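Each residue of the sequence shown is one higher than the last, beginning at 564 in our numbering. Glycine is no exception: its CB is placed at the ideal position from the N, C-alpha and C atoms. Because the structure is a prediction, the values reported are computed rather than measured. Have a look at the structure below before the remarks.
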Amino acid sequence: MDLKLSLALPSAATAAASTAAAAYELHLLSSLRTPNNLGVRQTSLRRRKCNSPTTGRIEPPYPWSTDRIAVVHTLHYLTSNQIVTITGEVKCQQCRRIYEMEYDVVSKFNEIGRFVENKMESFRDRAPKEWMQPNYPTCRFCGAEKGVKPVIPKEWEKINWVFLLLGEMVGALRLNHLKYFCSYTKNHRTGSKDRLVYLTYITLCRQIHPSGRFTPI
Ligand SMILES: [Zn+2]
């Protein structure tokens, strides 16, 4: 990537996206150069009060997020803290409205959990069709079938992972978003999109339910 050229572009949105991408690149460099994170620790002390994509420490963007990039809370934490519904922004591709949708955490996660358990053997480390081509919701306003897609924030650390999981819309992410997730969750970030979508789903399921139910990767 030509960083200087990207940052020189005038659009604020492009600049934000470039910053996220630049921070991600920096994170990759940091993890390569300091395998034990020894060198990164000093940086984290200096930046304790602000977000630091290089160390993976952030202000949690949602009540169901932790202070680590791409790491979400467990189901036990959520239910213990009365977080039973999670929300996320969607945008209609037809009428262009942006609005919030919500999911019941327990029932939706159980539904996905059952799907994973029943199909795990047939996945062969690749996302099934249902995950690659999400069954997008119908627009609440204009009725466009499969018309709304999740809004992906320009700042990648604010990507609403639990919302994407529960809505089974992880497949809406681009390859770079998925690589970003995998890099912060110690997964191999190489491979085709169906491999990375699979890893993202299974990793999120393991984060939410870490007891071993979703161990095979
Ligand atoms: Zn609409």
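Query, Result
"Rounded C-alpha distance that separates T741 from I675", "Going by the sequence as given, residue 741 is Leu instead of Thr. Each residue's alpha carbon lies about 19 Å from the other."
"Span of the alpha helix (DSSP H), counted from its first residue to its last, around E680", "V668 to F686"
"beta-carbon F672 near ligand 1 non-hydrogen atom, thresh 7 Å", "no"
"Between the CA atoms of E684 and V653 - distance to the nearest angstrom", "32 Å"
"Nearest-angstrom Cα separation, counted from D688 out to F545", "Outside the modelled stretch of the chain, which goes from 564 to 780, sits residue 545, for which no answer is possible."
"Burial state of R620 (16 or more Cβ within 10 Å)", "buried"
"C-alpha gap between Y764 and P700, whole angstroms", "19 Å"
"Inter-stretch contact at 8 Å, needing at least 3 Cβ pairs: the region 704 to 713 / the region 637 to 649", "no"
"F704: CB within 7 Å of a non-hydrogen atom of ligand 1", "yes"
"Pairwise C-alpha distance: K749 and K671", "26 Å"
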